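J.:
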Amino acid sequence: MFTPRARAAAVAATLTLATAACGAAPSTQQTTQASQGGVNAATATSAADFGGLDKLVEAAKKEGTLHVIALPPDWANYGEIIEKFQAKYGIKIESETPDAASADEINAVKTRKGQDRAPDVLDLGQSFAISGAKEGLFAPYKVQAFDKIPEGQKEPTGLWVNDYGGYVSIGCDAKKIKTCPASFADLLKPEYKGQVAMNGNPTESGSAFAGVYAAAIANGGSFDDIQPGIDFFKKLKDAGNYNPVETTPATIENGETKISIDWDYNNAAYAPQLTAKGIDWKVNVPTDGKYFQMYAQAVNKDAPHPAAARLWQEYLYSAEGQNLYLKGFARPVLLPAMTADGTVDQTLTANLPAVEGEPAFPTPEQVDAAKAKLAAGWDTAISG
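Numbered according to mature numbering (1 follows the signal peptide of the UniProt record, and there is no 0), the sequence shown spans residues -24 to -1, 1 to 360.
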């Protein structure tokens, strides 16, 4: 079974209740901050602080565990990534609540501080990575490939670093929809009444946030103006086309969500698995609203397994880790560098949904402003 990471309020409540039930006893790891061989892993800012990658591996193996949340097995190929990391290093990964949203991850960092159950690492939508860094929740860490990561795709000290991304896309059950929509403008057509869903709530989910941003670009907005995107979804609701059901593979299979706005790597990954169930899942990057964004990695400042957290980062930004993202139809942040040095798997790049042109990215300030505008106006637009 594969799950999206779009659920928000219910999961957040579950995380909070679980935390309260367990109390706030300090973790055994944190009492020493996993100091290994005189190195304080919790304050290490690079593998060099351990004496090199091999020494980092030794320290991480002594901890023996990595705790993660919000990593669905079929989201950007995280299932295989987790398996390969465990096999390579012999470190057990405790993966909890895979369908949690970015907001839930931030909540878990705050409410589980000092506990073994706190997340060691986070995989966050861009806006949540930026806000979490401003709140002082993350530890600065520069992976060995840090200098190869393009400017604008990382916080300068390594508080967050983009790892993979994709384009907003429109998935469609071609056996149930006569003509699949190819643009945001198409989504307003009367034949799509009650059928246009998203992967989550945009105030909680990075993928849904991007969907509104893409809709803004398609309707005269810009990175500085997300309001046309909010207005578009109000029009979609008023036309009766908006479907508030959050997309999952299960809702696609049972026909609840015949059309879904989601990342292209999610929609592309669903397609071959749904084919076996008799569903012809088509994917279009909207012609009028091309929006590309990346998710970011961050290390919890109070990670109970700080060495393992840093080794996880090194693995994700290695050629092996980046190619595993690519295998899941996600575009890794090091794709340009790996193409240049020949370490990219060219067979996998050929499987990516085709998109013309080069992506542009909003600045952190633009993302912050868009997030604030969305928080203030979304509920009124959809429920008002």
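Yeah, the Cβ is synthetic: ideal placement off N, Cα and C, and Gly gets one too.
These numbers come from a predicted model, not from an experiment.
Which of the three DSSP states, helix, strand or coil, is assigned to Q120?
T.: coil
J.: Return the CA-CA distance between A115 and L42, expressed in angstroms with no decimal places.
T.: 16 Å
J.: Tell me whether F114 sits in a helix, a strand or coil according to DSSP, three-state version.
T.: strand
J.: Return the chain-ordered list of same chain residues with a C-beta closer than 6 Å to the C-beta of residue 361, the five sequence neighbours on each side being excluded.
T.: What the structure shows of the chain is the stretch from -24 to 360, and residue 361 is not part of that stretch, so it cannot be assessed.
J.: What are the uninterrupted segments assigned as alpha helix (DSSP H) that are 4 or more residues long and contained completely in the region 276 to 339, given in chain order?
T.: 282 to 292, 295 to 303, 311 to 317 and 322 to 325
J.: Could you check what DSSP says for residue 375 in three-state terms: helix, strand or coil?
T.: What is shown of the chain runs -24 to 360, which leaves residue 375 out entirely.
J.: Can you tell me the Cα-Cα spacing of Y65 and I58, whole angstroms?
T.: 11 Å
J.: Any chance the region 176 to 184 sits against the region 97 to 111, with 3 or more Cβ pairs inside 8 Å?
T.: Contact holds: three or more Cβ-Cβ distances are below 8 Å.
J.: So for G28, helix, strand or coil by DSSP?
T.: The answer is coil: DSSP assigns G28 none of H, G, I, E or B.
J.: Can you tell me the Cα-Cα spacing of residue 362 and I146, whole angstroms?
T.: Past the boundaries of the shown model lies residue 362; the chain is included only from -24 to 360, so the question cannot be answered.
J.: If you draw a straight line from the alpha carbon of T4 to that of P178, how long is it in whole angstroms?
T.: Its pLDDT being 41, under 50, T4 is placed unreliably by the model, and nothing is read from it.
J.: Using 8 Å as the cut-off, can you tell me whether the region 193 to 202 makes contact with the region 250 to 266, which would need three or more C-beta pairs spanning the two stretches below that distance?
T.: yes
J.: What does the alpha-carbon distance come out to for the pair W354 and K347?
T.: 10 Å
J.: How is the alpha helix (DSSP H) around P204 delimited, first residue to last?
T.: Q203 to D214
J.: In this structure, how does DSSP classify Q273 when only helix, strand and coil are distinguished?
T.: DSSP places Q273 in strand when its eight states are reduced to three.
J.: Could you tell me if D317 is buried or exposed, where buried requires 16 or more neighbouring beta carbons within 10 angstroms of its beta carbon?
T.: exposed
J.: Tell me the DSSP secondary structure of I153 in three-state form.
T.: coil
J.: Using a Cβ-Cβ cut-off of 6 Å (strictly less than) and excluding sequence neighbours within five positions of P340, which residues of its own chain qualify?
T.: I106
J.: Should residue 392 be labelled buried (16 or more other beta-carbon atoms within 10 Å of its own) or exposed?
T.: Nothing about residue 392 can be read from this structure; the chain reaches only from -24 to 360.
J.: What does a CB cutoff of less than 8 Å around A351 pick up in its chain, not counting 5 residues either side in sequence?
T.: T179
J.: Could you tell me the distance, in whole angstroms, from the CA atom of K124 to the CA atom of P312?
T.: 9 Å
J.: Report the residue from I153, T155 and F122 whose alpha carbon sits nearest the alpha carbon of D139.
T.: F122
J.: Inspect the beta-carbon positions of D321 and I255 and report whether they are closer than 7 Å.
T.: no
J.: A17 and I67 - do their beta-carbons sit closer together than 7 Å?
T.: Against a cut-off of 7 Å, the Cβ pair of A17 and I67 comes out as no contact.
J.: So, using beta-carbon positions, are Q342 and D207 closer together than 7 Å?
T.: no
J.: Between which residues of its own chain and A306 is the CB-CB distance below 6 Å, once the five residues before and five after are set aside?
T.: A52, Y140, G142 and Y241
J.: Here's a check: name, in chain order, each residue in its chain whose Cβ is nearer than 6 Å to the Cβ of V119, leaving out the five neighbours to either side.
T.: Closer than 6 Å at the Cβ level, and outside the excluded window around V119, lie Q289, E290 and Y293.
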